[in-house]
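Undergrad: Heads up: take any position in the sequence shown, counting from 1, add 15, and you land on this note's numbering.
Glycine is no exception: its CB is placed at the ideal position from the N, C-alpha and C atoms.
Values in this document were obtained by computation on a predicted structure and should not be read as measured data.
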Amino acid sequence: MARFRSLKSDLRTRLESSDWRRELDAIAALPGKETVGPLMSFLLLGGAVKWRAAVALGLCVAGLAEAHREDARVVVRRLMWHMNEESGNIGWGIPEAMAEILASHRGLAEEYHRILISYVRDTDKDNNFCDHAPLRRSCYWAVGRLAQAWPDLARGAWEPLLAGLHDEDAPCRGAAAWALGQLMQAGQAVGATSGPPAGKAHAEAAATLDGGSVRRLSDGLRELFDNDAEVEIFEDGEVATPAVGAIARRVAHLLPSGIN
Numbered sequence: 016m017a018r019f020r021s022l023k024s025d026l027r028t029r030l031e032s033s034d035w036r037r038e039l040d041a042i043a044a045l046p047g048k049e050t051v052g053p054l055m056s057f058l059l060l061g062g063a064v065k066w067r068a069a070v071a072l073g074l075c076v077a078g079l080a081e082a083h084r085e086d087a088r089v090v091v092r093r094l095m096w097h098m099n100e101e102s103g104n105i106g107w108g109i110p111e112a113m114a115e116i117l118a119s120h121r122g123l124a125e126e127y128h129r130i131l132i133s134y135v136r137d138t139d140k141d142n143n144f145c146d147h148a149p150l151r152r153s154c155y156w157a158v159g160r161l162a163q164a165w166p167d168l169a170r171g172a173w174e175p176l177l178a179g180l181h182d183e184d185a186p187c188r189g190a191a192a193w194a195l196g197q198l199m200q201a202g203q204a205v206g207a208t209s210g211p212p213a214g215k216a217h218a219e220a221a222a223t224l225d226g227g228s229v230r231r232l233s234d235g236l237r238e239l240f241d242n243d244a245e246v247e248i249f250e251d252g253e254v255a256t257p258a259v260g261a262i263a264r265r266v267a268h269l270l271p272s273g274i275n
């Protein structure tokens, strides 16, 4: 117990440091089975520490996957359980952690990307759609993070993200717009908007949206231009709270000339 408390204190100090990114290699070098618990507990703290813990957790679980894939699967399934209503938990920080894990390991991403996307896909049948708006914002962000790392695996998110532009919750609409922007910037953009995709994953993601979907995207973004609600976004290692309208305008600039 004393060792656990010491490790937890050490990890928190590293993540609260202004040079936290320089600490990631040292954290990832620690035994993954020992760091997972403390890092998961930090997800409940909110703020910058939550996001940083998610990044660290992604690296640690990726290391576990390389050593023994099943150990990593156990962690991912544990996160999935926390997203389940039957668990009795709200799941704070879980989508962020799951996204960072999948972003850090291609094999795990191939296994679980559909589950991550299912949290923002609302259907008429029983599904995994996250019906708690504050948590759903994180789910939209998580899909965007997946798109940054593996755009080919995020192809199935186009439709639920387009629907997300009309989510009943304004910050969710902003998070969905941000995620769409990540898909576009990663190479699965409308036409040749973002230039030649780099690498096999990006090349496979370069499918073009049909004209109707392009118009839906453009119209959905326009409806958000004047929305001043804020949404928390983690990007380039920093936490920001941009206005929904600002996000929508930025994403609209990625559309081909004449459409935005």
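Is the beta carbon of L94 less than 8 Å from the beta carbon of L117?
TA: Going by C-beta atoms, L94 is not nearer than 8 Å to L117.
Undergrad: According to DSSP, is P212 part of a helix, a strand, or is it coil?
TA: Below a pLDDT of 50, predicted positions are generally treated as unreliable, and P212, at 41, falls in that range; no measurement from the model is reported.
Undergrad: Check this for me: beta carbons of W96 and L58, under 8 Å apart or not?
TA: No, they are not a contact pair.
Undergrad: Tell me where the alpha helix (DSSP H) around I105 begins and ends.
TA: Careful: I105 lies outside any alpha helix (DSSP H) and carries neither H nor E.
Undergrad: Going along the chain, which residues of its own chain have a beta-carbon closer than 8 Å to the beta-carbon of T208, five neighbours each way excluded?
TA: Confidence at T208 is low in this model, with a pLDDT of 37, below 50, so its placement is unreliable and the value that follows should be read with caution. Excluding sequence neighbours, T208 sits near M199, L269, L270, P271.
Undergrad: Taking the alpha carbon of E81 as the point to measure from, which residue in M55, H120, V89, A69 has its own alpha carbon closest?
TA: Among M55, H120, V89, A69, the Cα nearest to that of E81 is on H120.
Undergrad: By DSSP, does V254 sit in helix, in strand, or in coil?
TA: V254 falls in the strand class under three-state DSSP.
Undergrad: Are the beta-carbon atoms of I109 and H147 separated by less than 8 Å?
TA: No. Outside cutoff.
Undergrad: Pick helix, strand or coil for K48, following the three-state DSSP scheme.
TA: Helix at K48.
Undergrad: Do you know how far the Cα of E31 is from the Cα of D241?
TA: In a straight line, the C-alpha of D241 is about 35 Å away from that of E31.
Undergrad: Quick one: grab the DSSP three-state call for F57.
TA: Three-state DSSP puts F57 in a helix.
Undergrad: Of all the options A68, L161, F19, which has the alpha carbon lying nearest to the alpha carbon of I42?
TA: Comparing Cα positions, the closest option is A68.
Undergrad: Return the Cβ separation of R136 and P186 in integer angstroms, given the expectation that the two are a contact with Cβ distance under 8 Å.
TA: Contact doesn't hold; Cβ gap of about 19 Å is too wide.
Undergrad: Under the three-state reduction of DSSP, which class applies to F19: helix, strand or coil?
TA: In this structure, F19 counts as helix in the three-state DSSP scheme.
Undergrad: For E245, which beta-bridge partners are listed by DSSP?
TA: Paired residues: A258.
Undergrad: Taking only runs that begin and end inside the stretch 176-206, name each unbroken alpha helix (DSSP H) of 4 or more residues, in chain order.
TA: As far as the stretch 176-206 is concerned, its whole alpha helix (DSSP H) runs of at least 4 residues are 185-201.
Undergrad: Please look up how many angstroms separate the CB atoms of A114 and Y155, rounded, as I've assumed it's under 8 Å.
TA: Actually they are not in contact, since the Cβ atoms of A114 and Y155 sit about 10 Å apart, beyond 8 Å.
Undergrad: Could you tell me if D141 is buried or exposed, where buried requires 16 or more neighbouring beta carbons within 10 angstroms of its beta carbon?
TA: Burial call: exposed.
Undergrad: On a CA-only basis, which of V64, T256, L180, K65 is nearest R237? Give me that one, please.
TA: Of V64, T256, L180, K65, the residue nearest in Cα terms is L180.
Undergrad: Along the chain, which unbroken stretches of the alpha helix (DSSP H) at least 4 residues long are found entirely within the stretch 71-104?
TA: Listed in chain order, the complete alpha helix (DSSP H) runs (minimum 4 residues) inside the stretch 71-104 are 84-98.
Undergrad: Rank L60, I248, F19 by C-alpha distance to the C-alpha of A157 and give the top, closest one.
TA: Of the candidates L60, I248, F19, the one whose C-alpha sits nearest the C-alpha of A157 is I248.
Undergrad: State the CB to CB distance for the pair G227 and Q197, rounded to an integer number of angstroms; the pair is presumed to be in contact (CB under 8 Å).
TA: The Cβ separation is near 22 Å, so there is no contact.
Undergrad: Could you check the C-alpha separation between F144 and A263 for me, to the nearest Å?
TA: Each residue's alpha carbon lies about 23 Å from the other.
Undergrad: Rounded to whole angstroms, what is the Cα-Cα separation between V51 and G122?
TA: Going by the C-alpha atoms only, they are around 19 Å apart.
Undergrad: Quick one: using the 10 Å Cβ neighbour count with 16 as the cut-off for buried, is S133 buried or exposed?
TA: With 16 or more Cβ atoms within 10 Å of its Cβ, S133 is classed as buried.
Undergrad: Where do the ends of the alpha helix (DSSP H) carrying E125 lie?
TA: Segment 121-133, the alpha helix (DSSP H) holding E125.
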